[in-house]
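Below you'll find the structure, written out as structure tokens, and then a few comments.
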Amino acid sequence: MEGKLIVSSSPHVRSNEDTSYIMKQVIIALLPATLAGLYFFRLSALNVMFFCILGSVGSEFLFQKIAKQESTINDFSAVVTGLLLAFNVPASLPWWMSLMGGAFAIIVVKMVFGGIGNNFLNPALGSRAFLLASFPVAMTTWTKTGVNWVSSGNLDALTTATPLSFLKSGSDGLTAISNSGITLTDMIIGNIGGCIGETSAILILLGGVYLMYKGIIKYTIPVFYIGTVFILTFILGGFNIDFAIYELFAGGLMLGAFFMLTDYTTSPMTNKGQIIYAVLAGVLTSVIRLYGGYPEGVSYSILLVNVVTPLIDKYISNRVFGEVSK
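For the sequence shown, the UniProt record's numbering gives the first residue as 1, with consecutive numbering after it.
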């Protein structure tokens with residue numbers, strides 16, 4: 001059983017494969033979007049990815065060394081955390097913020113609570129929230145695609161708006177997007193400003209399909225989450241189908257649906273619980289996007305439903321064999 005996810009009680013284990021195998025499959029699933037991020041944001045993306053992963057892996061190694069715990073860096077979970085964090089930040093983020101973000105994700109969100117299988121929040125998103133609260137300007141400075149290197153000297157000339165910032169104004173945002181020259185095709189393939197891994201929706205979707213094919217994740221959470229966001233943005237957006245479609249491919253919706261919400265540790269155990277969890281996340285995402293002060297609601301909605309996962313598991317659980325009715 002060495003290498004299995006550490007869990008508190010049954011039936012948490014949802015795969016017979018060990019952690020290392022699962023994490024390797026996730027990395028493979030993220031490879032197309034990783035290559036797209038490197039293509040669109042060039043060396044700046046490579047810089048952020050490197051230091052996010054270094055911060056994650058290095059801090060896990062040092063923490064376990066100091067605590068005299070058995071090292072778990074070979075299970076690749078820290079690599080996945082670092083890569084997902086890099087996907088959730090701008091390509092212009094300074095190296096030291098990337099390094100700090102990786103360390104925060106592992107030490108504060110994961111290791112302090114007992115390591116993999118014991119954290120109650122998604123480490124990458126917990127770190128993203130920390131970085132956004134600590135460095136709001138750096139975390140909301142979006143650069144144009146096709147720029148080889150972004151520095152403080154050329155940052156102002158290379159900044160751009162994201163589709164979500166246009167869509168914030170509701171259906172009128174479609175006109176603003178059209179005037180900016182951004183097309184739906186650009187949003188699908190990733191030729192837009194935004195976080196490194198949030199831009200290429202089609203490649204994130206491809207990675208998600210791969211994970212479902214390999215049996216790493218089920219369709220339940222992504223389908224109900226995406227479906228809820230689509231229905232709500234269609235209704236709240238004035239029954240505008242184009243607006244709802246643009247909302248699906250903007251920001252980190254696909255990334256959150258397939259790679260964040262489906263995290264084994266922070267999502268419910270049962271199918272019914274996962275449906276409630278996904279629908280709730282979809283409602284929160286839509287409300288934050290349309291009525292909140294910040295254009296993107298994916299990360300905060302996922303963190304909020306992570307918190308209520310134990311409550312969902314408590315009241316929506318499989319009947320244990322031999323349990324006496326109360």
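Where is the CB? At the ideal position from N, CA and C, for every residue including glycine.
Given the structure is predicted, the values throughout are model-derived calculations rather than measurements.
For N306, which residues in the same chain have their Cβ closer than 7 Å to its Cβ, ignoring the five residues on either side in sequence? F120, L121, N122 and T266, listed in sequence order.
Determine the contact status of L46 and G207, defining contact as a CB-CB distance below 8 Å. Note that the C-beta distance between L46 and G207 is not below 8 Å.
Within its chain, find whatever has a CB closer than 6 Å to the CB of I217; leave out the 5 residues flanking it on each side and keep chain order. L211 and T262, listed in sequence order.
Quick one: grab the DSSP three-state call for D156. Any answer about D156 is weak, because its pLDDT of 48 lies below 50 and its placement is not dependable; what the coordinates show is given next. Residue state for D156 is assigned as helix, using DSSP reduced to three classes.
C52 to A105 span [Cα, whole Å]: If I take the Cα positions, the gap works out to 10 Å.
Beta-carbon separation (whole angstroms), G251 vs G194, contact threshold 8 Å: The beta-carbon separation of G251 and G194, rounded to 7 Å, stays under the 8 Å limit for a contact.
Check whether the Cβ atoms of G181 and A36 lie closer than 8 Å to each other. Not a contact, by the Cβ cut-off of 8 Å.
Alpha carbon of D313 to alpha carbon of Y219, nearest angstrom: Using only the alpha carbons, I get a separation of about 19 Å.
Specify the secondary structure class of V89 as computed by DSSP and reduced to three states. The three-state secondary structure of V89, taken from DSSP, is coil.
Could you give the residue range of the alpha helix (DSSP H) that holds S317? Counting along the chain, S317 falls outside any alpha helix (DSSP H), and DSSP gives it neither H nor E.
Indicate whether M111 and D75 have their beta-carbon atoms separated by less than 8 Å. No, these two residues do not count as a Cβ contact at 8 Å.
Evaluate contact between the stretch 267-277 and the stretch 51-70, counting only Cβ atoms and requiring at least three cross-stretch pairs below 8 Å. No: the two stretches stay apart, fewer than three of their Cβ pairs being nearer than 8 Å.
Applying the criterion that 16 or more other CB atoms from any shown protein chain within 10 Å of the CB defines a buried residue, is G215 buried or exposed? By the C-beta density criterion, G215 is exposed, having fewer than 16 other C-beta atoms within 10 angstroms.
Is it buried or exposed for residue 328, if we count other Cβ within 10 angstroms and need 16 for buried? In this structure the chain extends from 1 to 326, so residue 328 is not present and cannot be described.
Of the choices L54, T175, E70 and A78, whose alpha-carbon is the least far from that of W96? Checked all of L54, T175, E70 and A78; the closest Cα to W96 is L54.
Whole-angstrom Cβ separation of S127 and L85, contact assumed at under 8 Å? So it is a contact: roughly 5 Å between Cβ atoms.
Burial state of E70, where buried means 16 or more other Cβ atoms lie within 10 Å: Classification for E70: exposed.
Could you give the distance in angstroms between the alpha-carbon of S286 and the alpha-carbon of T228? Here the alpha carbon of S286 sits roughly 8 Å from the alpha carbon of T228.
By the 10 Å Cβ neighbour count, where 16 or more other Cβ atoms means buried, how is V26 classified, buried or exposed? It counts as buried.
Taking the alpha helix (DSSP H) that G208 falls in, what are its first and last residues? Per DSSP, the continuous alpha helix (DSSP H) segment holding G208 begins and ends at A201 to Y213.
Measure the CB-CB distance between L167 and E247 and report whether it falls below 8 Å. Closer than 8 Å, so yes.
Taking the straight line between their C-alpha atoms, what separation do you get for A124 and I241? Roughly 32 Å separates the two Cα atoms.
Does S98 pass the burial test, meaning 16 or more other C-beta atoms within 10 Å, or should it be called exposed? When all chains shown are included, S98 counts as buried.
Find out if the Cβ-Cβ distance for the pair I204, M260 is shorter than 8 Å. Taking 8 Å as the Cβ cut-off, I204 and M260 do not qualify as a contacting pair.
Are T145 and F50 closer than 8 Å when you measure CB to CB? Not in contact: T145 and F50 (Cβ atoms no closer than 8 Å).
P11 by DSSP, collapsed to three states: which one? Summary for P11: the model assigns pLDDT 36, below 50, so the residue's position carries little reliability; its value from the coordinates is reported in the next sentence. When DSSP states are grouped into helix, strand and coil, P11 belongs to the coil group.
In whole angstroms, what is the alpha-carbon distance linking I226 and I288? Rounded to the nearest angstrom, the two C-alpha atoms are 15 Å apart.
Rounding to the nearest angstrom, what Cα-Cα distance links V209 and A201 in this structure? Approximately 12 Å between the Cα atoms of the pair.
Using only alpha-carbon positions, find the residue among T72, Y39 and T34 that is nearest to D18. It is T72 whose Cα lies nearest to the Cα of D18.
How would you write the range of the alpha helix (DSSP H) that C195 sits in, first residue to last? Where C195 is concerned, there is no enclosing alpha helix (DSSP H), given that its DSSP letter is neither H nor E.
Short check: CB of Y264 to CB of T309, under 8 Å? For the 8 Å CB-CB criterion, Y264 and T309 do not form a contact.
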